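Chains as they are written, first to last, in this note's numbering: chain W, 1 to 344; chain Z, 1001 to 1344. Quick notes on the structure that follows.
There are 2 protein chains.
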Amino acid sequence: MSELYQTVRDIGEQGLLKKLQSFCPRDIIGDDGAILSVDPAQKLVVTTDVLVDGVHFSDRTTPPATVGWRAAAANLSDLAAMGANPIGITVGLALPGEVPVNWVETLYQGLNDCLQCYDTPIVGGDICRSPTITVSITAFGTVLPHRIIRRSSAQPGHAIVVTGTHGGSRGGLELLLNPQLGDHLTITEQQALIETHQRPQPRLDVLPHLWEIVGTTEVAGMDSSDGLGDAVVQICRMSGVGAKIERSQISLPPSLLALVSPEQALQWGLYGGEDFELVLCLPFDLAKTLVERLGNGANIIGEITTEPRVILIDSNGKYSQQELSLTQGFQHFTSVSDISHDLD
Amino acid sequence: MSELYQTVRDIGEQGLLKKLQSFCPRDIIGDDGAILSVDPAQKLVVTTDVLVDGVHFSDRTTPPATVGWRAAAANLSDLAAMGANPIGITVGLALPGEVPVNWVETLYQGLNDCLQCYDTPIVGGDICRSPTITVSITAFGTVLPHRIIRRSSAQPGHAIVVTGTHGGSRGGLELLLNPQLGDHLTITEQQALIETHQRPQPRLDVLPHLWEIVGTTEVAGMDSSDGLGDAVVQICRMSGVGAKIERSQISLPPSLLALVSPEQALQWGLYGGEDFELVLCLPFDLAKTLVERLGNGANIIGEITTEPRVILIDSNGKYSQQELSLTQGFQHFTSVSDISHDLD
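Written out as structure tokens, the structure reads:
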């Protein structure tokens, strides 16, 4: 049989493991677990994510290399969200025997392409049979104890910084699902949106700038993987505070504004999810320095308040004041097709 | 609606997370990842396992508490196999919305029941929608560098120790699938086999005895989760050595010998899998002391040899010599129903 058409069942678990070992450092293969060193001064941070075929990805919008890249990016983003630098990931893979071996290799290639940008090895995993392709990633990182970024420590009067634009991932998804929507866009604009969806960048690059600017000041925050609105609400809920967000300060990618109306773009910016930016709360003076340093759409979008409500304001008076609630964020047990219609 | 009949879809991701938080230590909930301390002198060991409905468990033989117990036990056994003590696990759960909330809570109860025996917390996880129930566990442990048990360091002349009986888990599974097979067994014998299948004990208890007995001598080994035969073959392959195993020295549980013929019991002992004992290679004098200390079926089953073949011998001359190959072990992409027939 041609190697091109081999399925996982054709080569079996051992055959597949052998092929995937080329993606892992040699010295850690072959035992029941991986062995990692943790810098004695640092805390270990662990985060885990499960991605399911037909729920988090589909053949229509997500080739296997993209599934891999996004899975790696989502987990590295969770580490960045806590201020941690990655030291390794494990991959648990459940899949039907009829999946082509090439699909699995391309998935691993996608994982590795993303991980290599951040010097992070795949340190182990598990492969098993399942009717549904499921990719479970657990990522490990380390952080100095005083640098841990928590959701629960946001303080009234602090600025809310976002590290980049929002809504692009949701726009890219829409374009993949309905390519004709992009007929009036340039190829560059189309590619920019699709790239934002398929190859998101975990914002580990923000951390060295952040530490340099804030010194020993504690920073609160999380990532915006479930939506910018959701992140602000979660931070406020965990910190027992509220927030005032200025609509016009939310950076939206130009390519998204070329695709849809400003109002639709803002909705996707707030609730689209999977932009993998950081949402950080820190004193205004430090926030301003950080935003200038980062550029590329980084901005102060509002302020933490004492009153425990999250309010979307419009300083131009064009829109009425609006209150955000958690139910507008992404909920895994609702249908994916419902998500964008919550606030239409 | 009565709480008894609530499904996961009824209460949503946030509702389910809230219920499951009672199983996790309070101080680590609510962030993108868990924060753990690693003793500076120790190495971090990470292991991961994916369990799939219909492949690793089924409603017929595995109530949710058992799925949870076995998932925790399998991962703690992987840590024990490397000489590591557990410090925490993460749980990635993918499941259909129609699964009863009670099923998920009972799964977590089963996980926790096993974990509590070893002071190990659930430190985080992920929940998402999927057509197939999938439980992905990643476990973390620590080990002093000189105590790491590897598959690749077995030495010719060393004894092969198993820490307990084999075949009981396979016998228990058979009894659950075909209860009438046990009609001639006492209730105690039936319960013993089913308990062996449903609530296996990871052999973390072996480690303190092992360290006391071996001092600084390196120990090779792994666990027998994929079968005792498979473990010996894997160790030999990774170490570039062979082994001679004496059939009569493989301890089989009395309840299994009451259920099936001695020959069938031995086949299940060698290839049944999921007994979660340790298979350790160490000098004969230390091996004898360890076996005496452990009791309960622990035994020296053979010797590591220079010639790279694994041979099953019979010192009574009753059976002809037999060579083991890896293909007789558990392969996830073959049908489960085929497994026990490989050598029938």
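Ideal Cβ placement from N, Cα and C applies to all residues, glycine included. Since we're looking at a predicted model, the values are computed, not measured.
Assuming residue i is part of the beta strand (DSSP E), what are its boundary residues?
| i | result |
| --- | --- |
| L1095 (chain Z) | N1085 to L1095 |
| D126 (chain W) | I122 to R129 |
| G1242 (chain Z) | G1242 to E1246 |
| D223 (chain W) | A220 to D223 |
| Q1322 (chain Z) | Q1322 to L1324 |
| G302 (chain W) | N299 to T305 |
From what residue to what residue does the alpha helix (DSSP H) around residue i run?
| i | result |
| --- | --- |
| D285 (chain W) | F284 to L294 |
| L252 (chain W) | Segment: none, L252 (chain W) is in no alpha helix (DSSP H) and carries neither H nor E. |
| E1263 (chain Z) | P1262 to Y1271 |
| G1229 (chain Z) | L1228 to S1239 |
Determine the chain Z residues that contact residue i at a beta-carbon separation under 9 Å, and present them in chain order.
| i | result |
| --- | --- |
| K288 (chain W) | Those do not exist, as K288 (chain W) stays about 25 Å from chain Z at its closest Cβ, beyond 9 Å. |
| C281 (chain W) | In chain order: nothing, as chain Z lies at least about 14 Å away. |
My guess is that residue i and residue j are in contact by the Cβ rule of under 8 Å, so how many angstroms apart are they, rounded?
| i | j | result |
| --- | --- | --- |
| E1303 (chain Z) | K1244 (chain Z) | 5 Å |
| G1125 (chain Z) | T48 (chain W) | 6 Å |
| P1100 (chain Z) | Y1005 (chain Z) | 7 Å |
| L1204 (chain Z) | N1085 (chain Z) | 7 Å |
| S169 (chain W) | D275 (chain W) | 5 Å |
| K1043 (chain Z) | I1148 (chain Z) | 7 Å |
| C128 (chain W) | A94 (chain W) | 5 Å |
| L1207 (chain Z) | G1088 (chain Z) | With a Cβ gap of about 18 Å, L1207 (chain Z) and G1088 (chain Z) do not count as contacting. |
| L270 (chain W) | G229 (chain W) | 4 Å |
| G1097 (chain Z) | R1009 (chain Z) | 3 Å |
| T1061 (chain Z) | L1176 (chain Z) | 4 Å |
| V38 (chain W) | V1045 (chain Z) | Actually they do not touch by this definition, with Cβ atoms about 11 Å apart. |
| L282 (chain W) | T163 (chain W) | Actually they do not touch by this definition, with Cβ atoms about 12 Å apart. |
| N1316 (chain Z) | S1248 (chain Z) | 7 Å |
| V291 (chain W) | I300 (chain W) | 6 Å |
| V1055 (chain Z) | S225 (chain W) | Between S225 (chain W) and V1055 (chain Z) the Cβ distance is about 30 Å, and since that is not below 8 Å, they are no contact. |
| G182 (chain W) | P253 (chain W) | Their Cβ separation, rounded to whole angstroms, is 13 Å, which puts G182 (chain W) and P253 (chain W) out of contact at 8 Å. |
Mind listing the chain W neighbours of residue i? Cutoff is C-beta to C-beta under 9 Å, in chain order.
| i | result |
| --- | --- |
| V1123 (chain Z) | V46 |
| T1132 (chain Z) | V52, A94, S130, P131, T132 and T134 |
So which residues of chain Z does residue i contact, with C-beta pairs closer than 7 Å?
| i | result |
| --- | --- |
| I148 (chain W) | I1035 |
| V38 (chain W) | V1038 and L1044 |
Cβ closer than 8 Å: which chain W residues qualify as neighbours of residue i?
| i | result |
| --- | --- |
| G1092 (chain Z) | T48, D49, V50, G92, S136 and T138 |
Using a C-beta to C-beta distance shorter than 7 Å, which residues of chain W count as neighbours of residue i?
| i | result |
| --- | --- |
| D1126 (chain Z) | T48, D49 and V50 |
Counting only beta-carbon separations shorter than 8 Å, does residue i have a partner in chain B?
| i | result |
| --- | --- |
| G295 (chain W) | Given the protein chain composition of this structure (W and Z), no chain B is represented. |
Exercise. Can at least three beta-carbon pairs, one atom from the segment 183–203 of chain W and one from the segment 57–73 of chain W, be found at a separation below 8 Å?
Worked result: Yes: the two stretches touch, three or more of their Cβ pairs being nearer than 8 Å.
Exercise. Any chance the segment 250–264 of chain W sits against the segment 177–197 of chain W, with 3 or more Cβ pairs inside 8 Å?
Worked result: These segments touch.
Problem set entry | beta strand (DSSP E) runs wholly inside the segment 5–77 of chain W, at least 3 long, in chain order | If only uninterrupted beta strand (DSSP E) runs of at least 3 residues are considered, those enclosed by the segment 5–77 of chain W are 34–36 and 43–52.
For this session: Just list the beta strand (DSSP E) runs in the segment 1094–1182 of chain Z, keeping only unbroken ones of 3 residues or longer that don't cross its boundaries, in chain order.
Result: The segment 1094–1182 of chain Z is shown to contain whole beta strand (DSSP E) runs of 3 or more residues at 1122–1129, 1134–1143 and 1159–1162, in chain order.
For this session: Could you pull out every unbroken beta strand (DSSP E) segment of at least 3 residues lying fully inside the segment 179–216 of chain W, listed in chain order?
Result: If we require 3 residues or more, the segment 179–216 of chain W turns out to have no beta strand (DSSP E) run fully inside it.
For this session: Determine, using beta-carbon pairs with one atom in the segment 207–219 of chain W and one in the segment 263–270 of chain W, whether at least three such pairs fall under 8 Å.
Result: Put simply, the segment 207–219 of chain W does not touch the segment 263–270 of chain W. Fewer than three CB pairs are less than 8 Å apart.
Exercise. Does the pairing of the segment 1220–1240 of chain Z with the segment 1122–1142 of chain Z give three or more beta-carbon distances under 8 Å?
Worked result: Result no; under three Cβ-Cβ pairs closer than 8 Å.
For this session: For the segment 1136–1152 of chain Z and the segment 1073–1084 of chain Z, state whether three or more C-beta atom pairs, one from each stretch, are separated by less than 8 Å.
Result: Because the criterion of three Cβ pairs below 8 Å is met, the segment 1136–1152 of chain Z and the segment 1073–1084 of chain Z touch.
For this session: State whether the segment 1096–1112 of chain Z contacts the segment 1012–1019 of chain Z, with contact taken as three or more CB pairs (one from each stretch) at a distance under 8 Å.
Result: A contact exists between the segment 1096–1112 of chain Z and the segment 1012–1019 of chain Z.
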